[in-house]
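Okay, so the sequence shown: first residue is 22 according to my numbering, each after it adds one. Worksheet for the structure shown next.
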Amino acid sequence: MSKELYDRTIAFAGIWQAASLVEEVARTGNCNQEQLSHTLNALLVTNPDSTLSVYGELASLKRGFNVLVEQLENQTDPKNIAITRYVIGLLALEKKLAKRNDAMNVLAERITQVKRQTAHFELVDEQILGNLADIYSDVISPLGPRIQVQGNPDQLKQTRVQQTIRALLLSGIRASVLWRQVGGKRRHIIFSRKKMIEQAKINLARI
Numbered sequence: 022m023s024k025e026l027y028d029r030t031i032a033f034a035g036i037w038q039a040a041s042l043v044e045e046v047a048r049t050g051n052c053n054q055e056q057l058s059h060t061l062n063a064l065l066v067t068n069p070d071s072t073l074s075v076y077g078e079l080a081s082l083k084r085g086f087n088v089l090v091e092q093l094e095n096q097t098d099p100k101n102i103a104i105t106r107y108v109i110g111l112l113a114l115e116k117k118l119a120k121r122n123d124a125m126n127v128l129a130e131r132i133t134q135v136k137r138q139t140a141h142f143e144l145v146d147e148q149i150l151g152n153l154a155d156i157y158s159d160v161i162s163p164l165g166p167r168i169q170v171q172g173n174p175d176q177l178k179q180t181r182v183q184q185t186i187r188a189l190l191l192s193g194i195r196a197s198v199l200w201r202q203v204g205g206k207r208r209h210i211i212f213s214r215k216k217m218i219e220q221a222k223i224n225l226a227r228i
């Protein structure tokens, strides 16, 4: 497998992982805290040495690789439409973000502020989640089209659930930026789907 395919599969898995966690939090109000931390941590890696270093190790993307395979492998099977919809929405929002240098600059500045705060707070602390959620609301949401998150109405009313979802969507944008940076394009999703599934399986076998 080529390095380009390897890098694209990592970035694509990052998007699926964020979208999958959004779906779970919206439905249940909670998710695996280790997976949440790994996913959000990608936001703080702004000068990575490699594509993988954004997530640290393949194991940090285990959920993403699994969801990528589950959602794309057998198109005749029913899939989780909500997760797929979130992925499509994230890629569309990132495309708009890429055309806005002003928004990119504000995003970088706000992320840097959060990085400083992680010296005093855990990534999954309410303070950090709230700040990441605010970045999504202030910088990403206005770009449109907005991602409509569906789930349990009782859970979606809760502030922490709302903050976690927005923070995860921001991480999904980070993965979408990475996808573009490693050459990911719409045609790869259509024509290289089987190759990415195969690469995701190889990565899972290495974990």
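Glycine included, every Cβ here is placed at the ideal spot set by N, Cα and C. Quick caveat: nothing in here was measured; it's all calculated off a predicted structure.
Counting only runs of 3 or more residues that sit fully inside the stretch 180-213, no beta strand (DSSP E) segment turns up. For I168, the three-state secondary structure derived from DSSP is coil. Rounded to whole angstroms, the Cβ separation of L144 and L61 is 5 Å, and the two are in contact under 8 Å.
With a 10 Å radius around the Cβ and a threshold of 16 neighbouring Cβ atoms, F212 comes out exposed. Rounded to the nearest angstrom, the gap between the Cα atoms of A34 and A221 is 8 Å. Under the three-state reduction of DSSP, D146 is assigned to coil, being neither helix nor strand. In the three-state scheme derived from DSSP, where H, G and I count as helix and E and B as strand, P69 is classed as coil.
Counting along the chain, no alpha helix (DSSP H) covers S74, and no H or E run does either.
Taking a contact to require three or more Cβ pairs closer than 8 Å, the stretch 200-220 and the stretch 31-49 qualify as touching. Nearest to D175 by alpha-carbon distance, out of S74, G50, P163 and S81, is G50. Here DSSP, grouped into helix, strand and coil, assigns A140 to coil. For P174, the enclosing alpha helix (DSSP H) begins and ends at P174 to L177.
Taking the Cβ atoms as the reference, T185 lies roughly 5 Å from V46, within the contact range of under 8 Å. Less than 8 Å separates the beta-carbon of L64 from that of R195. Classified as exposed, Q148 has fewer than 16 neighbouring CB atoms from the shown chains inside 10 Å of its CB. Boundaries cannot be given for E94, as no alpha helix (DSSP H) includes it and DSSP labels it neither H nor E. I218 is not a Cβ neighbour of L73, given a cutoff of 8 Å. Per DSSP, Y107 is one residue of the alpha helix (DSSP H) stretching across I102 to A119.
R29 sits buried, since 16 or more C-beta atoms from the chains shown fall within 10 Å of its C-beta. Only residues of its own chain outside the window of five on either side were considered, and among them R29, A32 and F33 have a CB closer than 7 Å to the CB of G205, listed in chain order. Residue burial annotation: N224 is buried, with at least 16 other C-beta atoms found within 10 angstroms of its C-beta.
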